[in-house]
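Protein chains in written order, with the numbering used here: chain D, 1026 to 1159; chain U, 1026 to 1159.
#1: Using a Cβ cut-off of 8 angstroms (strictly closer), state whether residue 1076 (chain D) contacts chain U.
#2: So is residue 1102 (chain U) in contact with chain D if we call contact Cβ pairs under 8 angstroms?
#3: When the Cα atoms are used, what is the spatial distance from residue 1034 (chain D) to residue 1132 (chain U)?
#4: Relative to chain D, which residues along the stretch 1053-1077 of chain U have a C-beta separation below 8 angstroms, given in chain order?
#5: Secondary structure at residue 1104 (chain U), three-state DSSP: helix, strand or coil?
#6: What residues from the stretch 1091-1118 of chain U come within 8 angstroms of chain D, judged by C-beta to C-beta, listed N to C?
#7: According to DSSP, is residue 1121 (chain D) part of a helix, a strand, or is it coil?
#8: Would you say residue 1050 (chain U) reaches chain D, if we count a Cβ-Cβ gap shorter than 8 angstroms as a contact?
#9: Can you name the residues that DSSP bridges to residue 1127 (chain U)?
#10: Go to residue 1073 (chain U), then tell me how far its beta strand (DSSP E) extends in each direction, as first and last residue.
#11: DSSP beta-bridge partners for residue 1040 (chain D)?
#12: Just how far apart, CA to CA, sit residue 1143 (chain D) and residue 1116 (chain D)?
#13: Against residue 1038 (chain U), what residues of chain D qualify as contacts under a CB-to-CB distance less than 7 angstroms, listed in chain order?
#14: Can you name the start and end residues of the alpha helix (DSSP H) that residue 1077 (chain D) belongs to?
#15: Taking only three categories from DSSP, how would you classify residue 1057 (chain U)?
#16: Please go through the same chain and pick out, in chain order, the residues whose beta-carbon is closer than 6 angstroms to the beta-carbon of residue 1085 (chain D), but skip the five residues on each side of it.
#17: Considering only residues of the same chain and omitting the five flanking positions on each side of residue 1027 (chain D), which have a CB-CB separation below 6 angstroms?
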């Protein structure tokens, strides 16, 4: 069980990080995500880190890389579910996750992605929630 | 990272199983889920097992227990994302997950929960997707 599963909800891909990420699993995740975005035409990616207790510069870079990859497919990325202790540590370490959008929880993240998708016309007008794609 | 995170999307709670589950983590998950259903009034629970490579009678019983707990809160449970090899093994072992509803993937699972919620009136009429609660 070393591959992080990627779930699809409408036009959004959801990644819930639960395992300790090492070089190999991060590379595999980035590859899998790129393939899934390309295959599904998703307009957004949510990375949930509510199970993550430690975020270091390695993980921070991973978020930035995933966001950059997604952008090449015209998809937005939001990191959600950060624990308070993680946020404090990040700021203390001077890691501000610049360029990576964050939201309190999955629902707020999906709301942000919906607004971004509608503003840019990537979510069809007849689909107010942006979740009806399949 | 031994607690399985529970995500909320509208009236549905989502559990993505990625770690090997042992007695303690299964108990913790059941407890957490019962508390979250009770706190949120969710009408459905989706358990994603796309990362799970082996399902034995222990895990099978866990699904049934979670479904029974959910039912006490008037919530439906769907297990989604089963790998083909897991399905074959389950049938070979005679474990048919009786009483536990299954679906191909997260989206189909959420569609089933939406239909069940609408039929029973647990999803308000003004909310066609069943995802607009927050």
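Every residue gets a Cβ at the ideal spot worked out from N, C-alpha and C, and that includes glycine.
Since we're looking at a predicted model, the values are computed, not measured.
Reading off the structure:
#1: Against the first chain, residue 1076 (chain D) aligns to sequence position 51. Chain U places a beta carbon closer than 8 angstroms to that of residue 1076 (chain D), counting this residue as a contact.
#2: To locate residue 1102 (chain U), count along the second chain from 1; it is residue 77. Interface with chain D (8 angstroms Cβ-Cβ cutoff): residue 1102 (chain U) is excluded.
#3: Here residue 1034 (chain D) refers to the residue found at position 9 of the first chain. Here residue 1132 (chain U) refers to the residue found at position 107 of the second chain. For residue 1034 (chain D) and residue 1132 (chain U), the gap between their C-alpha atoms comes out near 6 angstroms.
#4: Cβ contacts with chain D: 1073, 1075, 1076 and 1077.
#5: Working through the second chain from its first residue, we reach residue 1104 (chain U) at position 79. In the structure shown, residue 1104 (chain U) falls within a strand segment according to DSSP collapsed to helix, strand and coil.
#6: Correct list: 1106.
#7: Locating residue 1121 (chain D) in the first chain gives position 96, counting from the first residue. Coil, per DSSP.
#8: In the second chain, counting from the first residue as 1, residue 1050 (chain U) sits at position 25. No, its Cβ sits nowhere closer than 8 angstroms to a Cβ of chain D.
#9: By one-based count along the second chain, residue 1127 (chain U) stands at place 102. Per DSSP, U:1104.
#10: As a position in the second chain, residue 1073 (chain U) is number 48, starting the count at 1. Residue 1073 (chain U) -> beta strand (DSSP E) spans 1069-1073.
#11: The count along the first chain starts at 1 and reaches residue 1040 (chain D) at position 15. For residue 1040 (chain D), which the question treats as bridged, DSSP gives the partners D:1031 and D:1072.
#12: Position 118 of the first chain holds residue 1143 (chain D). Position 91 of the first chain holds residue 1116 (chain D). Going by the C-alpha atoms only, they are around 32 angstroms apart.
#13: As a first step, residue 1038 (chain U) is located in the second chain; it is residue number 13 there, counting from the start. None at all; the shortest Cβ gap to chain D is about 11 angstroms.
#14: Start at 1 with the first residue of the first chain, and residue 1077 (chain D) comes out as number 52. It is not in any alpha helix (DSSP H) - residue 1077 (chain D) carries neither H nor E in the DSSP assignment.
#15: If you number the second chain from 1, residue 1057 (chain U) lands on position 32. DSSP places residue 1057 (chain U) within a helical segment (H, G or I) once states are collapsed to three.
#16: Here residue 1085 (chain D) refers to the residue found at position 60 of the first chain. Contacts found: 1120 and 1122.
#17: Taking the first chain and counting its residues from 1, one reaches residue 1027 (chain D) at position 2. Cβ neighbours of residue 1027 (chain D) beyond the five flanking positions: 1050.
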